[in-house]
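Visitor:
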Amino acid sequence: MELLLIVAGGLLGYLLGSVPVGLLATRIYGVDIRTVGSGRTGATNAWRAAGLKAAIPTLLGDALKGAAAVLLVRYAAGAFFPEMDVIAVAAAAALAGACAVVGHNWSLYLGFKGGAGGITTAATILAISPLIGGVVCLVGLLLIWWSRMASIGTYSVSVTSLVCAVVFAVAGLTPWPYVIFGLVAYAAVTISLSRNRQALRDGEERVITLW
Numbered sequence: 043m044e045l046l047l048i049v050a051g052g053l054l055g056y057l058l059g060s061v062p063v064g065l066l067a068t069r070i071y072g073v074d075i076r077t078v079g080s081g082r083t084g085a086t087n088a089w090r091a092a093g094l095k096a097a098i099p100t101l102l103g104d105a106l107k108g109a110a111a112v113l114l115v116r117y118a119a120g121a122f123f124p125e126m127d128v129i130a131v132a133a134a135a136a137l138a139g140a141c142a143v144v145g146h147n148w149s150l151y152l153g154f155k156g157g158a159g160g161i162t163t164a165a166t167i168l169a170i171s172p173l174i175g176g177v178v179c180l181v182g183l184l185l186i187w188w189s190r191m192a193s194i195g196t197y198s199v200s201v202t203s204l205v206c207a208v209v210f211a212v213a214g215l216t217p218w219p220y221v222i223f224g225l226v227a228y229a230a231v232t233i234s235l236s237r238n239r240q241a242l243r244d245g246e247e248r249v250i251t252l253w
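With positions in the sequence shown counted from 1, the corresponding number in the numbering used here is that position plus 42.
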């Protein structure tokens, strides 16, 4: 039964994560986000495609789908598997969240294309562990403010998620299965940002022009 929840949670996370919120939000304004800027479906590109009116719902939707996967798995564990081991519940939640990030970056509904995973990673780790998530969000926001580059903030979110998951697990502050989320999120974001890393090396990475 524990394995069933873990597998079902991973599938649920992937399907929720695959929902292309950015594409839906920009289409309302007659724009196909895939033809603008980076072609990704995240909030930054939604901003480029149709402004804040599309970026804000994209940000909220991308955050919600990862967090929802985690919360739904935990609810199912409590409602249907009350005797389930705490570590197993943590593993199911972590896998559901990790699969949501994978779904966001490689959406089933968009031919396995999508976003970079920054917002989904940050919101999901916040739902998994407010302790880790608080640190992750703080670091990500500070680096975006300092660099004015969404890619740096996105990458820092994935790195901080993994580092904090490992450090806090070793310290006994959080369950070790959270490291699963950190590893998958780090890999997913790193792969998705390959073009941005090259742009950074070439000095051509785009900045956020809000301030």
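Glycine included, every Cβ here is placed at the ideal spot set by N, Cα and C.
Can you tell which of Tyr71, Ala121, Asn147 and Arg76 has the C-alpha that lies nearest to the C-alpha of Leu57?
Guide: Position 15 of the sequence shown holds residue 57. Of Tyr71, Ala121, Asn147 and Arg76, the residue nearest in Cα terms is Asn147.
Visitor: Please return the same chain residues whose Cβ sits closer than 6 Å to the Cβ of Thr68, not counting the five positions on each side in sequence.
Guide: Here residue 68 is taken as the residue at index 26 of the sequence shown, counted from 1. Within the same chain, Thr68 has close Cβ partners Ile75, Ala88, Ala91, Ala92 and Ala96.
Visitor: Take Val199 as the anchor and find which of Val221, Ile167, Pro172 and Phe210 has the nearest alpha-carbon.
Guide: Taking the first residue of the sequence shown as position 1, residue 199 is located at position 157. The residue with the shortest Cα to Cα distance from Val199 is Ile167.
Visitor: Could you pull out every residue in the same chain whose Cβ sits closer than 6 Å to the Cβ of Val115, ignoring the five residues on either side in sequence?
Guide: Walking along the sequence shown from the start, residue 115 turns up at place 73. Taken in chain order, the residues that qualify are Gly51, Ala134, Ala135 and Ala138.
Visitor: When the distance is taken between beta carbons, is Thr86 closer than 8 Å to Gly156?
Guide: On the sequence shown, residue 156 is found 114 positions in, with the first residue counted as 1. On the sequence shown, residue 86 is found 44 positions in, with the first residue counted as 1. No, the Cβ-Cβ distance between Gly156 and Thr86 is not below 8 Å.
Visitor: Spatial neighbours of Leu150 within its chain, please: CB distance less than 6 Å, with the 5 preceding and 5 following residues excluded, ordered by chain position.
Guide: Mapped onto the sequence shown, residue 150 falls at position 108. So the list reads Ser60, once near-sequence residues are dropped.
Visitor: What separation, rounded to the nearest whole angstrom, lies between the Cα atoms of Ser203 and Gly103?
Guide: If you number the sequence shown from 1, residue 203 lands on position 161. If you number the sequence shown from 1, residue 103 lands on position 61. Cα to Cα, Ser203 sits roughly 20 Å from Gly103.
Visitor: I'd like to know whether the C-beta atoms of Ile170 and Tyr117 end up nearer to each other than 8 Å.
Guide: In the sequence shown, the residue the question calls residue 170 occupies position 128. In the sequence shown, the residue the question calls residue 117 occupies position 75. Against a cut-off of 8 Å, the Cβ pair of Tyr117 and Ile170 comes out as no contact.
Visitor: What does a CB cutoff of less than 7 Å around Leu215 pick up in its chain, not counting 5 residues either side in sequence?
Guide: If you number the sequence shown from 1, residue 215 lands on position 173. Only Leu173 meet the Cβ criterion.
Visitor: Run through DSSP, which three-state label would Ser198 get?
Guide: Position 156 of the sequence shown holds residue 198. Correct three-state label for Ser198: helix.
Visitor: Applying the 10 Å Cβ sphere with the 16-neighbour rule, what's the burial state of Tyr197?
Guide: Against the sequence shown, residue 197 aligns to sequence position 155. Per the 10 Å Cβ criterion, buried.
Visitor: If you count every other CB in all the chains shown that lies within 10 Å of the CB of Gly182, and 16 or more means buried, which is it?
Guide: Mapped onto the sequence shown, residue 182 falls at position 140. Buried.
Visitor: With DSSP as the reference, label Phe210 as helix, strand or coil.
Guide: Mapped onto the sequence shown, residue 210 falls at position 168. Correct three-state label for Phe210: helix.
Visitor: Taking the continuous alpha helix (DSSP H) assigned at Tyr56, which residues delimit it?
Guide: Residue mapping note: residue 56 aligns to position 14 of the sequence shown, counting from 1. Run containing Tyr56: Glu44 to Gly59, per the alpha helix (DSSP H) assignment.
Visitor: Cβ of Ala165 versus every heavy atom of the ligand SAM: is any distance shorter than 7 Å?
Guide: Summarising the ligand content, the structure contains no ligands, and the ligand SAM is consequently not present.
Visitor: Quick check on this structure: which residue in Val177, Arg190, Ser189 and Pro217 has the alpha carbon closest to the alpha carbon of Val201?
Guide: Against the sequence shown, residue 201 aligns to sequence position 159. Residue Val177 is the option with its Cα nearest to Val201.
Visitor: Cα-Cα, which of Leu47, Ala110 and Ala140 is closest to Val231?
Guide: On the sequence shown, residue 231 is found 189 positions in, with the first residue counted as 1. Ranking Leu47, Ala110 and Ala140 by Cα distance to Val231 puts Ala140 first.
Visitor: Could you spell out where the alpha helix (DSSP H) holding Lys107 opens and where it closes?
Guide: Translated into the one-based positions of the sequence shown, residue 107 becomes position 65. Leu94 to Phe122 is the extent of the alpha helix (DSSP H) around Lys107.
Visitor: Would the beta-carbon of Gly160 fall within 8 Å of that of Ala111?
Guide: Numbered from 1 along the sequence shown, position 118 holds the residue referred to as residue 160. Numbered from 1 along the sequence shown, position 69 holds the residue referred to as residue 111. Going by C-beta atoms, Gly160 is not nearer than 8 Å to Ala111.
Visitor: Could you give the distance in angstroms between the alpha-carbon of Gly224 and the alpha-carbon of Ala164?
Guide: Along the sequence shown, read from residue 1 onward, the residue named residue 224 stands at position 182. Along the sequence shown, read from residue 1 onward, the residue named residue 164 stands at position 122. Between Gly224 and Ala164, the C-alpha separation is close to 11 Å.
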